[in-house]
Amino acid sequence: MRYPVHDAGMRRGLFILQTGNFMAFDTIDRTAKQLVLTVQDYSLFAHRAVMNLFRPPRYWPEFLIQADIIGVGSMSIVLLSGFFTGGVLALQSASTVSAFGATAITGRFVSLTMIRELGPVLTGVMVSGRNASSMASELGSMVVTEQIDAMRALGVDPMRKLVTPRLFACVTMLFFLTIVADAFGILGGAFVTIFMNHQDGPQYFSMAWESLRYPDIIQGLVKPLFSGFIISSIGCFYGMRTSGGTEGVGRATIQAVVTASVLIIVADFILTRILLGIF
Amino acid sequence: MNAPATPGNNPAADLPPVVAFRNVSIAFDGPPVLQDVSFSVAPGETRILLGPAGVGKSVLLKLTNGLLRPDQGSILLFGEEISHMPEEQLFPLRTRTGMVFQEGALFDSLSVRDNVAFQLISERIPDDEIDTRVHEALRFVQLEDTFALYPSSLSGGMRRRVAIARALIRQPELLLYDSPTGGLDPVTSATIIELVMKERDVYRTPSLMVTHRLQDAFTLCTHRFDEEQNRMVPLPKGQTDPNTTFLMLEEGHLIFDGSLHDLIHSQNPFVREFLQ
Chain A
6 MRYPVHDAGM RRGLFILQTG NFMAFDTIDR TAKQLVLTVQ DYSLFAHRAV
56 MNLFRPPRYW PEFLIQADII GVGSMSIVLL SGFFTGGVLA LQSASTVSAF
106 GATAITGRFV SLTMIRELGP VLTGVMVSGR NASSMASELG SMVVTEQIDA
156 MRALGVDPMR KLVTPRLFAC VTMLFFLTIV ADAFGILGGA FVTIFMNHQD
206 GPQYFSMAWE SLRYPDIIQG LVKPLFSGFI ISSIGCFYGM RTSGGTEGVG
256 RATIQAVVTA SVLIIVADFI LTRILLGIF
Chain B
7 MNAPATPGNN PAADLPPVVA FRNVSIAFDG PPVLQDVSFS VAPGETRILL
57 GPAGVGKSVL LKLTNGLLRP DQGSILLFGE EISHMPEEQL FPLRTRTGMV
107 FQEGALFDSL SVRDNVAFQL ISERIPDDEI DTRVHEALRF VQLEDTFALY
157 PSSLSGGMRR RVAIARALIR QPELLLYDSP TGGLDPVTSA TIIELVMKER
207 DVYRTPSLMV THRLQDAFTL CTHRFDEEQN RMVPLPKGQT DPNTTFLMLE
257 EGHLIFDGSL HDLIHSQNPF VREFLQ
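Each protein sequence line maps, in turn, to chains A and B. All you need for this note's numbering is the position in the first sequence, starting with 1, plus 5. All you need for this note's numbering is the position in the second sequence, starting with 1, plus 6.
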């Protein structure tokens with residue numbers, strides 16, 4: 006559509022407006038294409054990393070090293086965050102339910118919340134902060150210093166040697182770390198209930214135990230499998246596509262942690278909806 | 007220095023090439039990095055790729071063993087077309103080549119022994135044999151004492167020499183050197199060039215070497231490695247190594263392919279400017 010523009014100033018203003026719109030659409034268009042391409046690249050990357058599990062060569066020593074780094078290395082942060090989260094849950098629930106004289110349900114509240122929701126999510130986010138960042142920065146540094154190219158030139162597939170062991174180790178270890186977080190969360194709740202709220206310890210543990218059903222436990226143990234996959238695949242993906250020197254490594258590390266943490270929470274929401282529908 | 011090194015008397019020129027580029031072009035996000043590049047590396051031949059920084063020398067080297075894929079044209083490595091070969095099939099082919107990267111590209115988390123033995127460890131060769139072969143490779147680059155050290159404790163020159171040992175350990179059929187003397191002092195550069203020459207003259211391994219240092223290129227052409235003296239010695243005055251020839255890139259185009267004699271007498275303004 007053409008507008009009758011007579012005034013030069015108006016014409017210039019319209020040009021700026023039209024250029025501005027064009028640039029905005031261009032930016033949106035480019036960003037959308039970039040996003041679709043990234044998702045496509047990530048899907049292919051994750052598919053290759055998983056399929057490598059079923060074809061030799063498999064690098065078991067690398068798996069054990071990564072299991073140690075991710076599992077044993079993350080134990081302290083998972084343990085502490087689990088313990089204090091359980092404690093906070095006990096404090097909050099006691100202050101809320103005491104108005105109704107129902108402080109006895111603290112154990113039930115803490116165990117169900119920890120096992121079904123907070124244990125898996127917190128462990129995922131904590132391990133993501135520690136390990137997605139370390140994977141992205143380690144692999145990113147290897148990319149920018151040509152170590153990945155050197156590995157390929159030496160006839161070794163970096164996907165098999167570096168990515169698949171990290172993926173497998175992270176999924177395995179996150180499962181066990183979540184159990185540790187759940188256990189220490191319940192212990193943290195017990196500590197607050199007994200020593201700070203001066204309530205009955207055996208009652209707390211009895212309520213915590215009796216309220217649990219198998220679907221709760223299954224729900225809590227399915228989630229870390231997905232979180233582990235998200236952390237390792239996102240960390241490795243951003244690490245392996247690093248470009249732009251040391252600055253690029255920093256950028257890849259931030260992107261990995263942010264994306265992994267957000268995806269863990271999104272996946273938790275979707276999984277909760279699905280699992281509640283099933284059980 | 008005016009030499010008889012012409013294609014006519016190059017003994018390797020009649021054999022099928024180890025590497026052949028045919029009208030190869032590649033671009034990233036912008037103008038083409040390489041355009042319509044064609045050349046070959048014959049068995050026993052050392053080709054020195056000259057050109058200023060940023061003309062696509064390293065890209066060309068990475069295309070040679072399939073680390074990058076061309077947009078157009080074909081690349082033959084050991085007679086096999088690799089430009090569209092799946093990555094899985096490229097791995098065994100790459101094990102037949104050795105590559106020395108610009109900064110060495112040693113694996114930081116591995117010791118010198120494990121870096122040099124990387125391929126052998128992947129092939130699950132017994133530890134005793136690995137140790138023997140690593141000592142042999144490190145002796146070749148005169149760094150046997152670094153066996154148990156980590157790359158972080160080595161100097162820049164030592165890292166390059168370890169990288170050369172890593173590239174040589176499986177006795178490759180083709181060697182690719184990416185600016186092996188870049189950023190090094192003249193003494194260390196001479197040591198590296200002597201190693202390249204030793205590999206050329208003792209094992210007759212064909213190679214493609216990227217450099218922007220004319221001095222290194224001319225030294226390779228005008229010297230030979232003397233096994234008895236265990237050092238490089240100059241060739242008689244007026245002689246050059248017939249198997250060492252030159253390529254030159256300018257803004258993605260191959261503008262020169264020939265001997266040292268041809269290079270020195272080239273009338274191409276860019277070549278003349280580069281030589282000056």
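Backbone N, C-alpha and C define an ideal beta-carbon position, used for all residues, glycine too. This one's a predicted model, so the numbers in the text were calculated from it and none came from an experiment.
Neighbours of A/E151 across chain B, judged by C-beta separation under 8 Å: F107, Q108, E109 and A111. Separation of A/P66 and B/E129 (C-alpha to C-alpha, rounded to the nearest whole angstrom) is 14 Å.
A/V55 has a beta carbon lying at 7 Å or more from every beta carbon in chain B. For the stretch 93 to 104 of chain B, the set of positions with a beta-carbon nearer than 9 Å to some beta-carbon of chain A reads E93, E94, L96, F97, P98, L99, R100, T101, R102, T103 and G104 in chain order. Contact annotation: the stretch 35 to 50 of chain B touches the stretch 65 to 81 of chain B, with at least three C-beta pairs closer than 8 Å. One thing to note: A/M178 has its Cβ within 7 Å of the Cβ of A/I75. Contact annotation: B/P212 and B/P49 have beta-carbon atoms nearer than 7 Å.
For B/T70, the enclosing alpha helix (DSSP H) stretches over residues K63 to T70. Remark: fewer than three beta-carbon pairs, one from each stretch, lie closer than 8 Å, so the stretch 143 to 151 of chain B and the stretch 248 to 256 of chain B are not flagged as touching.
Taken atom to atom, the span from the alpha-carbon of A/M156 to that of A/R165 is near 11 Å. Within the DSSP bridge table, the entry for B/L180 names B/T103 as partners. Assignment of B/Q245 by DSSP, reduced to helix, strand and coil, places it in the coil class. By the Cβ neighbour-count rule, A/R35 is exposed, with fewer than 16 other Cβ atoms within 10 Å of its own. Taking C-beta atoms as the reference points, A/T247 and A/G145 count as a pair closer than 7 Å. Contact between the stretch 170 to 177 of chain B and the stretch 133 to 144 of chain B is present: three or more C-beta pairs spanning the two stretches fall below 8 Å. Collapsing the DSSP output to three states places A/F284 in coil. Contact between the stretch 231 to 241 of chain A and the stretch 254 to 270 of chain A is present: three or more C-beta pairs spanning the two stretches fall below 8 Å. Of all C-beta pairs linking the stretch 208 to 223 of chain A to the stretch 187 to 195 of chain A, three or more are shorter than 8 Å, placing the two stretches in contact. B/T70 has its alpha-carbon roughly 10 Å from the corresponding atom of B/P76.
Residue nearest to A/M80 within the set A/I275, A/I279 and A/N136 is A/N136 (criterion: CA-CA distance).
Note on geometry: alpha-carbon atoms of A/Q152 and B/S161 lie some 18 Å from one another.
Within 7 Å of the CB of B/Q125, the CB atoms of chain A belong to L159 and G160, in sequence order along the chain. In this model, A/L230 and A/V115 are separated by some 22 Å (Cα to Cα). Looking from the CA of A/V168, the closest CA among A/V185, A/A186 and A/S139 belongs to A/S139. Taking C-alpha positions only, A/R171 is separated from A/D273 by approximately 22 Å.
In the DSSP assignment, B/F45 falls within the unbroken beta strand (DSSP E) covering P38 to V47.
Chain B places a beta carbon closer than 7 Å to that of A/A155, counting this residue as a contact. At a cut-off of 4 residues, the continuous stretches assigned as alpha helix (DSSP H) that sit fully inside the stretch 140 to 207 of chain B are 162 to 174.
A/V77: not part of any alpha helix (DSSP H); DSSP gives it neither H nor E.
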